[in-house]
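K.L.:
Pasting a structure here, questions to come.
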Amino acid sequence: MNRNVVLKLTGVERQYGQGHTLLPILKGADFSMSKGEIVALVAPSGTGKSTLLHIAGLLEHPDGGEVNINGHACDGLSDEKRTAIRRSEIGFVYQFHHLLPEFSALENIMMPQLIAGLSWKEAGERAGQLLDYMRIGHRGSHRPGELSGGEQQRVAIARAVANAPTLLLADEPTGNLDPETASYVFDALEALVRQSGLAAVIATHNHELARRMDRRVTISDGKIVDF
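In numbering that gives the first Met the number 0, the protein residues as written are 0 to 226.
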């Protein structure tokens, strides 16, 4: 496989039980993306966007097909190994920031690094650098409740990349923000992706933001297609 390919899905199947029947969501879905690429995932609610992101992020097992991250086949891995890959290779950003309210912005970004084994000093230095990069270094000592919605989401983005993942998965990261703030947050996210060279899949309903990405895909009849 091409060394620049970060994520590759091959023939991915996923279905859910609904009463006595099975509801197919993904039906042989294929998808791949390379280092430094930003892909917009644009599809109506209920078509499987979150399911796709969960499978790509090893949060959910597919019913069939293969998930490959950085050349590593993830099928059949133990939960422990899947967790290890998530911690080292994948960052997640959600529509709601999910910051820990009792900790400062700086401490929230430090948390995943401390879990990964970095020292308090190392984690603090990198967290500070990320806050500066996201242009909110002056807000590092503030708790989430003292930050604006755009500031909270920029802290969440910084936290997602704190452990230098190679893949970023974002599910409606600007969905709760007004258009001007959404554009500003996306600018910061895009700059971070370009600078770090990671690959990013961003699910969004915002077609204006989607047009600014390298490629746009949707889910149609359980397949992933370009549009």
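For glycine and all other residues, C-beta sits at the position ideal for the given N, C-alpha and C.
1) How long is the line joining the alpha carbons of Pro-178 and Leu-117, rounded to whole angstroms?
2) What's the C-alpha gap between Arg-214 and Leu-76?
3) Report yes if the C-beta distance between Gly-45 and Thr-9 is below 8 Å; otherwise report no.
4) Decide yes or no for the touch test of the segment 136-149 against the segment 32-40: beta carbon pairs closer than 8 Å, at least 3 of them.
5) I'd like to check one pair, Ala-161 with Met-133: are the Cβ atoms closer than 8 Å?
6) Checking the sheet assignment: what are the DSSP bridge partners for Tyr-15?
7) Taking only the alpha-carbon atoms, compute the straight-line gap between Ser-49 and Asp-29 and give it to the nearest angstrom.
8) Starting from the Cα of Thr-82, find the closest Cα among Gln-151, Val-41, Glu-59, Gln-17 and give me that residue.
9) For a test of the three-state rule: what should DSSP assign to Leu-208, helix, strand or coil?
10) Using a Cβ distance threshold of 8 Å, determine whether the segment 10-24 contacts the segment 178-189, with at least three qualifying pairs required.
11) Pull up the DSSP beta-bridge partners for Leu-166, would you.
12) So Leu-167 packs on Val-92, CB below 8 Å; how close in whole Å?
13) Please report the distance separating the alpha-carbon of Gly-174 from that of Phe-226.
14) Please return the same chain residues whose Cβ sits closer than 8 Å to the Cβ of Leu-176, not counting the five positions on each side in sequence.
15) Along the alpha helix (DSSP H) that carries Val-154, what are the first and last residues, could you check?
16) Select from Ala-39, Val-154, Gly-136, Ala-55 the residue whose C-alpha is nearest the C-alpha of Arg-13.
17) Assign Ser-103 to one of two classes, buried (16 or more other C-beta atoms within 10 Å of its C-beta) or exposed (fewer than that).
18) Roughly how many angstroms lie between the CA atoms of Leu-57 and Gly-139, to the nearest whole one?
19) In the DSSP assignment, find the alpha helix (DSSP H) that holds Ala-104 and state where it starts and stops.
20) Kindly give me the distance between the Cβ atoms of Gln-94 and Asp-170, rounded to whole angstroms, as I take these residues to be in contact under 8 Å.
21) Does the distance from the C-beta atom of Leu-98 to that of Val-154 stay below 8 Å?
P.N.:
Checking against the coordinates, here is how it stands:
1) As a working mapping, residue 178 is identified with position 179 in the sequence shown. As a working mapping, residue 117 is identified with position 118 in the sequence shown. About 37 Å.
2) Position 215 of the sequence shown holds residue 214. Position 77 of the sequence shown holds residue 76. Their backbone Cα atoms lie some 30 Å apart in a straight line.
3) Stepping through the sequence shown from its first residue, residue 45 is reached at position 46. Stepping through the sequence shown from its first residue, residue 9 is reached at position 10. Taking 8 Å as the cut-off, the Cβ atoms of Gly-45 and Thr-9 do not count as close.
4) Result no; under three Cβ-Cβ pairs closer than 8 Å.
5) Along the sequence shown, read from residue 1 onward, the residue named residue 133 stands at position 134. Along the sequence shown, read from residue 1 onward, the residue named residue 161 stands at position 162. In this structure, Ala-161 does not lie closer than 8 Å to Met-133 by Cβ.
6) The residue labelled residue 15 in the question sits at position 16 within the sequence shown. According to DSSP, Tyr-15 shares a beta bridge with Leu-22.
7) Counting from 1 along the sequence shown, the entry for residue 49 is found at position 50. Counting from 1 along the sequence shown, the entry for residue 29 is found at position 30. So the alpha carbons of these two residues sit roughly 16 Å apart.
8) Walking along the sequence shown from the start, residue 82 turns up at place 83. The option with the nearest alpha carbon to Thr-82 is Glu-59.
9) As a first step, residue 208 is located in the sequence shown; it is residue number 209 there, counting from the start. Helix.
10) Because the criterion of three Cβ pairs below 8 Å is not met, the segment 10-24 and the segment 178-189 do not touch.
11) Here residue 166 refers to the residue found at position 167 of the sequence shown. DSSP lists Ile-89, Ala-198 as the bridge partner or partners of Leu-166.
12) To locate residue 167, count along the sequence shown from 1; it is residue 168. To locate residue 92, count along the sequence shown from 1; it is residue 93. That pair is a contact at about 7 Å.
13) Here residue 174 refers to the residue found at position 175 of the sequence shown. Here residue 226 refers to the residue found at position 227 of the sequence shown. Gly-174 and Phe-226: Cα-Cα distance of roughly 21 Å.
14) Within the sequence shown, numbered from 1, the residue matching residue 176 stands at position 177. Around Leu-176: Gly-148, Gly-149, Gln-152, Val-184.
15) Taking the first residue of the sequence shown as 1, we reach residue 154 at position 155. Bounds of the alpha helix (DSSP H) holding Val-154 are 148-159.
16) Taking the sequence shown and counting its residues from 1, one reaches residue 13 at position 14. When only C-alpha atoms are compared, the closest one is Ala-55.
17) Locating residue 103 in the sequence shown gives position 104, counting from the first residue. By the neighbour-count rule (16 or more Cβ atoms within 10 Å), Ser-103 is buried.
18) In the sequence shown, residue 57 corresponds to position 58, counting from 1. In the sequence shown, residue 139 corresponds to position 140, counting from 1. Each residue's Cα considered, the two are about 31 Å apart.
19) Locating residue 104 in the sequence shown gives position 105, where the first residue counts as 1. Where Ala-104 is concerned, the enclosing alpha helix (DSSP H) stretches over 104-114.
20) Counted from its first residue, the sequence shown places residue 94 at position 95. Counted from its first residue, the sequence shown places residue 170 at position 171. For Gln-94 against Asp-170, the beta-carbon gap comes to about 6 Å, under 8 Å, which counts as contact.
21) In the sequence shown, residue 98 corresponds to position 99, counting from 1. In the sequence shown, residue 154 corresponds to position 155, counting from 1. In contact: Leu-98 and Val-154 (Cβ atoms closer than 8 Å).
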